[in-house]
Amino acid sequence: MSEALEDIRQICNEIIKRIDRRHVADAGRANEVPQKLWDAWVETGLLGIGLPEEYGGIGGDLSDLVHAIDWQASAGLNLQSAIPNFMSRIPVVKYGTDEQRKSILPATATGESRFSFAITEADAGSNTFKIRTSAIKQDDGTYKLSGSKYYITGFLESEWCLVVARTTPYDPENRTEGISVFLVRPNSPGISASPMDIGIHKAEKQYSILFEDVVLPADSLLGPDGEGLKVMFDCLNPERLIVGATNIGSADYVLKKASEYASTRAPFDVPIGSYQAVQHPLAAAKASTEAARCYLYKTAEAFDRGEKVGIEASMTKYLASTAVSQATNASANVYGGSFADMETDIIGFFLQAKLSELGPVNNNIVLSQIAQKMLGLPRGY
Ligand SMILES: Cc1cc2nc3c(=O)[nH]c(=O)nc-3n(C[C@H](O)[C@H](O)[C@H](O)COP(=O)(O)OP(=O)(O)OC[C@H]3O[C@@H](n4cnc5c(N)ncnc54)[C@H](O)[C@@H]3O)c2cc1C
């Protein structure tokens, strides 16, 4: 392990000693940011991992970041509210103008500014190329943004939202062209947002959003007009690794919890954890978790070397969500009826694991990508 990673691990361990899992669980139930954990990431500089020092970060790369997230999540300390900051900074560093980088990035490391990311639309769903939100260039160089998005995490709590829009209409023959990415202020005139009623413990709120002729200054555009696909995937590929790290760490956390419970719970006078029917699902989930973790770190290192990791990032997301679903399912069985008791703190992980199969990209789409790109099978959708 590098010296930098040793330091990060030490910082993580200090935070783990200081902050109780209960704080994060309570924030999740209230759909609020776990403020003490957020503050600890700010104070220790962890919120600046992966951001170059010249923009206020502590440097490091995606590998450092996923290690930190995995270690914290393995102790039950998920900082999901920080994910949009981590993922959205990457394309701003890569494609932003000097002015955009200097004015936007430093506050994201000090915790004063949060990002959100908006691509999903009700009609397009997983077929993101078919989004209808449009940003039409005006004679004075500004853009007029119109359309809608839904399930946008932390939109009203964010200072900046990366909005994916079409600058030319959808053309089935060239579906990847004409997509652009904009840096949008959520409080801009013409934007309205309503909180959605979500039955999942998530430390943030979800919003549906309406854009009605929102005037975007010319310098809102991130990267080249109409070539936003690469900008978008420099955000979405890291997101798949960051979310994967959260799921892998969470899988370990629930397995540890369930194993402790199974070692003492003894309705037939011997611990239930001694029964193979109880042990094996937990052990199988542990094996899946460790395999997903190896693949996560391997993919993060490839990303840091500047390699293309599209399919690998999707596969990491798939492996991590499968591992956390296996882990939470096995753990829920261990708890029996107490699985539904909020005090056992399992049901939130269980619902979150289900969600991890459906988003940020659903696992069916990932399997289709693997089938096409790695096995050479024909595209069926
Ligand atoms: C809590 C939460 C937070 C979110 N946060 C954000 C956010 O911050 N920003 C954002 O932009 N989006 C966000 N999303 C949206 C999320 O990314 C989408 O819900 C997800 O990508 C799936 O899209 P969909 O729900 O429209 O499913 P659909 O596209 O309607 O798919 C439904 C189901 O159909 C099946 N399916 C669809 N297409 C195929 C296919 N080609 N092959 C096989 N099966 C298929 C899959 O089983 C899929 O689960 C969030 C969602 C939730 C629930």
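Counting from 939, one number per residue, gives the positions in the sequence shown under our numbering. For each residue, glycine too, the CB sits at the ideal point set by N, CA and C.
query, result
"Report whether the distance from the Cβ of Y1108 to the nearest heavy atom of ligand 3 is below 6 Å.", "In the structure on display, ligand 3 does not appear, and the ligands it does have are ligand 1."
"Which residue spans inside the segment 1226-1286 form an unbroken alpha helix (DSSP H) run of at least 4?", "1248-1273"
"State the start and end residues of the unbroken beta strand (DSSP E) segment that holds Y1089.", "Y1081 to T1091"
"Which residue marks the beginning of the alpha helix (DSSP H) containing I1028, and which one marks its end?", "I1021 to Y1033"
"Would you mind stating whether N1023 and T1046 have Cβ atoms separated by less than 7 Å?", "yes"
"How is S1054 classed by DSSP in three states: helix, strand or coil?", "strand"
"How many Å lie between A1056 and A1103 at the Cα?", "9 Å"
"Kindly identify the DSSP beta-bridge partner or partners of F1288.", "Partner(s): none; F1288 has no beta bridge."
"Per DSSP, which residues does P1133 bridge with? Please list them.", "Y1145"
"Which term fits C1173, buried or exposed, when burial requires 16 or more other beta carbons within 10 angstroms of its beta carbon?", "buried"
"If you pair each beta-carbon of the segment 1222-1230 with each one of the segment 1256-1264, do three or more pairs fall below 8 Å?", "yes"
"For A1073, does the three-state DSSP call read helix, strand or coil?", "strand"
"Cβ of I1090 within 7 Å of Cβ of I1129?", "no"
"If we count the other Cβ atoms within 10 Å of its Cβ and call it buried at 16 or more, is M1312 buried or exposed?", "exposed"
"Can you pull the DSSP bridge partners for E1165?", "I1117"
"By the DSSP assignment, the alpha helix (DSSP H) with A1103 in it spans what residues?", "Per DSSP, A1103 belongs to no alpha helix (DSSP H); it is in the beta strand (DSSP E), W1098 to R1104."
"Excluding the five sequence neighbours on either side, which residues of its own chain have a C-beta within less than 6 Å of the C-beta of Q1018, listed in chain order?", "A1141"
"Between the alpha carbons of L1160 and D1109, how many angstroms are there, rounded?", "22 Å"
"Tell me which same chain residues have a C-beta within less than 8 Å of the C-beta of T982, skipping the five on either side of it?", "I949, E952 and I953"
"Whole angstroms is fine: what's the gap from Q1321's alpha carbon to K1082's?", "Outside the modelled stretch of the chain, which goes from 939 to 1319, sits residue 1321, for which no answer is possible."
"Residue range of the alpha helix (DSSP H) that S1012 falls in?", "L1000 to S1012"
"Following the continuous alpha helix (DSSP H) through E944, name the residue where it begins and the one where it ends.", "E941 to R956"
"Given G994, which residues of its chain have a CB within under 7 Å of its CB, disregarding the five upstream and five downstream residues?", "G986, L1043, P1044, A1047 and T1048"
"So for V971, helix, strand or coil by DSSP?", "coil"
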